[in-house]
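Visitor: The structure is given below, and queries will be raised subsequently.
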Amino acid sequence: MLKDSFDPLRLEEKAPSSEEDPLRSRTLKKEAERLSQSAAKGDWNEVQKICQANWLFNIPITKLGDTVLHLAVYNKQENIFERLIQQFSSGSLHVISYLKKKNAKGDTPLHHAALVGSEKMCRIITEFHPTTLLSVPNDEGETPLFSAALHGRKDAFLYLHSICGPEERSNYCKRSNGDSILHCAISEEHYELCLIILRRYKDLVNHRNNFGMTPLHLLASKPSAFKSGSNLRWFESIIYHYEELISRADDQNLERERVTHGEPLKKAKDVRTTKERHTWSVLIMNELLKDAEMYPIPPSSVRQSGDKKLEKGNDLVQ
1 MLKDSFDPLR LEEKAPSSEE DPLRSRTLKK EAERLSQSAA KGDWNEVQKI CQANWLFNIP
61 ITKLGDTVLH LAVYNKQENI FERLIQQFSS GSLHVISYLK KKNAKGDTPL HHAALVGSEK
121 MCRIITEFHP TTLLSVPNDE GETPLFSAAL HGRKDAFLYL HSICGPEERS NYCKRSNGDS
181 ILHCAISEEH YELCLIILRR YKDLVNHRNN FGMTPLHLLA SKPSAFKSGS NLRWFESIIY
241 HYEELISRAD DQNLERERVT HGEPLKKAKD VRTTKERHTW SVLIMNELLK DAEMYPIPPS
301 SVRQSGDKKL EKGNDLVQ
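Residue 251 in UniProt numbering sits at position 251 of the sequence shown, and the numbers go up by one each step.
This is the structure:
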């Protein structure tokens, strides 16, 4: 624990200003370099001591513009992060400005907490001012809630979802290119999270991104999901392959059972993983088809997307 004599207000008053004497500015720059080196080495106790002595929470210490708070979160240093944050009072305006600080990609410490899936650090950060911190987008227009979904961090996502108001949720679940959290969860194959999103954000089922793609279009266009050269319309192809997925999963389950103890266990694991992926795909497809509007992808939207994987699915959307 940091020393009781540590006085954040006193140290904040000592923070360098534009009129600070050159000697103190050089000293703080040197301390910032020490802070960066200690963090890079993983010497978090030294990081804590340097911050305690110099109050360097808001100074970028990496080429990407990360502060010490960014780094502690990204490296999953939950205890260190908590001790650093405990130096602020709950109503401190300073801590809110520090937690809103963006790096070169526009990410805040809360984005990083969502990315690494730390529900604990998400809770610590949002205790100060949840509405303000949840609403901050990065350079891609992604909020922390979006970041949690993008990276498949179920626990962090559910927590951030729970503290979002009903009106704010629709604003937090889309990014600049029009992708929703459901688009991204499908694209990244975070299938369990897909079901969680589908049951809480039903309005996203028919949401189109800037290329005219709905989540169902995206799932239908995945190369691993459909045979190339199909002459069926896209929604007929979905239903056709829906049954094929079940059959394929059953066949691979039999193959897994035939694997002997003398064969590599990796083969059994790979088959099981493939079967699980197909099972999840069927479940997601079933949920999407309940509420999806049946319309084709606009051909111009497919071309504009520039996504080769989607272009390969053109024969499915005639």
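Glycine residues also receive a C-beta, built at the ideal position from the N, C-alpha and C atoms.
Can you tell which of 187, 173, 188 has the C-alpha that lies nearest to the C-alpha of residue 181?
Guide: Taking the first residue of the sequence shown as 1, we reach residue 181 at position 181. It is 173.
Visitor: Roughly how many angstroms lie between the CA atoms of residue 30 and residue 74, to the nearest whole one?
Guide: Start at 1 with the first residue of the sequence shown, and residue 30 comes out as number 30. Start at 1 with the first residue of the sequence shown, and residue 74 comes out as number 74. Roughly 23 Å between the two C-alpha positions.
Visitor: Which residue spans inside the region 140–193 form an unbroken beta strand (DSSP E) run of at least 3?
Guide: With a minimum length of 3 residues, no continuous beta strand (DSSP E) run stays inside the region 140–193.
Visitor: Do you know whose CA, among 145, 208, 149, lies nearest residue 164's CA?
Guide: Along the sequence shown, one-based indexing puts residue 164 at 164. With distances taken between Cα atoms, residue 164 lies closest to 145.
Visitor: Check each candidate in 184, 191, 76 and name the one with the smallest Cα separation from residue 209.
Guide: Along the sequence shown, one-based indexing puts residue 209 at 209. The shortest C-alpha separation from residue 209 is found at 184.
Visitor: Straight-line CA distance for residue 188 to residue 152?
Guide: Taking the sequence shown and counting its residues from 1, the one referred to as residue 188 is at position 188. Taking the sequence shown and counting its residues from 1, the one referred to as residue 152 is at position 152. Cα to Cα, residue 188 sits roughly 8 Å from residue 152.
Visitor: Using the C-alpha atoms, what's the distance from residue 143 back to residue 167?
Guide: On the sequence shown, residue 167 is found 167 positions in, with the first residue counted as 1. On the sequence shown, residue 143 is found 143 positions in, with the first residue counted as 1. Approximately 15 Å, taken between the alpha carbons.
Visitor: Would you say residue 70 and residue 112 are within 7 Å of each other, going by their C-beta atoms?
Guide: On the sequence shown, residue 70 is found 70 positions in, with the first residue counted as 1. On the sequence shown, residue 112 is found 112 positions in, with the first residue counted as 1. Their beta carbons are under 7 Å apart, which means residue 70 touches residue 112 by this criterion.
Visitor: Short of 7 Å in beta carbon distance, which residues of its chain neighbour residue 66, apart from the five on each side in sequence? Order them along the chain.
Guide: In the sequence shown, counting from the first residue as 1, residue 66 sits at position 66. Around residue 66: 60, 103.
Visitor: Distance, Cα to Cα, residue 37 vs residue 94?
Guide: Translated into positions along the sequence shown, residue 37 becomes position 37. Translated into positions along the sequence shown, residue 94 becomes position 94. Each residue's alpha carbon lies about 25 Å from the other.
Visitor: Output needed for residue 135: all residues of its chain with C-beta closer than 8 Å, excluding positions within five of it in sequence on either side, in chain order.
Guide: On the sequence shown, residue 135 is found 135 positions in, with the first residue counted as 1. Taken in chain order, the residues that qualify are 143, 168, 171, 172.
Visitor: How far does the alpha helix (DSSP H) with residue 108 in it extend, from its first residue to its last?
Guide: Within the sequence shown, residue 108 is the residue found at index 108, counting from 1. Taken as a continuous stretch (DSSP letters only), residue 108 belongs to no alpha helix (DSSP H), as it is neither H nor E.
Visitor: Using the rule of at least 16 other Cβ atoms within 10 Å of the residue's Cβ for burial, across every protein chain shown, is residue 53 buried or exposed?
Guide: Reading the sequence shown from its first residue, position 53 is the one you call residue 53. So residue 53 ends up on the exposed side.
Visitor: Please go through the same chain and pick out, in chain order, the residues whose beta-carbon is closer than 6 Å to the beta-carbon of residue 110, but skip the five residues on each side of it.
Guide: Position 110 of the sequence shown holds residue 110. Here the set comprises 125, 133, 144.
Visitor: Would the beta-carbon of residue 219 fall within 7 Å of that of residue 186?
Guide: Sequence index remark: in the sequence shown, residue 219 carries index 219 (1-based). Sequence index remark: in the sequence shown, residue 186 carries index 186 (1-based). For residue 219 and residue 186, yes; Cβs fall inside 7 Å.
Visitor: Do you know how far the Cα of residue 202 is from the Cα of residue 283?
Guide: If you number the sequence shown from 1, residue 283 lands on position 283. If you number the sequence shown from 1, residue 202 lands on position 202. Cα to Cα, residue 283 sits roughly 15 Å from residue 202.
Visitor: With a threshold of 16 other CB atoms inside 10 Å of the CB of residue 192, please say whether the residue is buried or exposed.
Guide: For the purposes of this step, residue 192 is taken as the residue at position 192 of the sequence shown. By the 10 Å Cβ count, residue 192 comes out exposed.
Visitor: Which one of 28, 72, 98, 88 has the shortest CA to CA distance from residue 329?
Guide: Limits of the chain in this structure are 1 at one end and 318 at the other, which puts residue 329 out of reach.
Visitor: Short of 6 Å in beta carbon distance, which residues of its chain neighbour residue 39, apart from the five on each side in sequence? Order them along the chain.
Guide: The residue given as residue 39 occupies position 39 in the sequence shown. 47, 71, listed in sequence order.
Visitor: I need the straight-line Cα distance from residue 33 to residue 130, nearest angstrom please.
Guide: Residue 33 sits at position 33 when you count from the first residue of the sequence shown. Residue 130 sits at position 130 when you count from the first residue of the sequence shown. Distance between the alpha carbons of residue 33 and residue 130: 32 Å.
Visitor: Considering only their Cβ atoms, is the gap separating residue 155 from residue 127 smaller than 7 Å?
Guide: Locating residue 127 in the sequence shown gives position 127, where the first residue counts as 1. Locating residue 155 in the sequence shown gives position 155, where the first residue counts as 1. Their beta carbons are not under 7 Å apart, which means residue 127 does not touch residue 155 by this criterion.
Visitor: Identify the continuous alpha helix (DSSP H) that holds residue 204 and give its terminal residues.
Guide: The residue you call residue 204 lines up with position 204 of the sequence shown. Premise fails: residue 204 is in no alpha helix (DSSP H) and is neither H nor E.
Visitor: Between residue 265 and residue 88, what straight-line distance do the alpha-carbon atoms span, to the nearest angstrom?
Guide: Within the sequence shown, the letter at position 265 stands for residue 265. Within the sequence shown, the letter at position 88 stands for residue 88. Residue placement at residue 265 is poorly supported in this model, since its pLDDT is 41, which falls under 50; the coordinates still yield a value, given next. C-alpha separation (whole angstroms): 51 Å.
Visitor: Could you check what DSSP says for residue 213 in three-state terms: helix, strand or coil?
Guide: Here residue 213 refers to the residue found at position 213 of the sequence shown. Residue 213 falls in the coil class under three-state DSSP.
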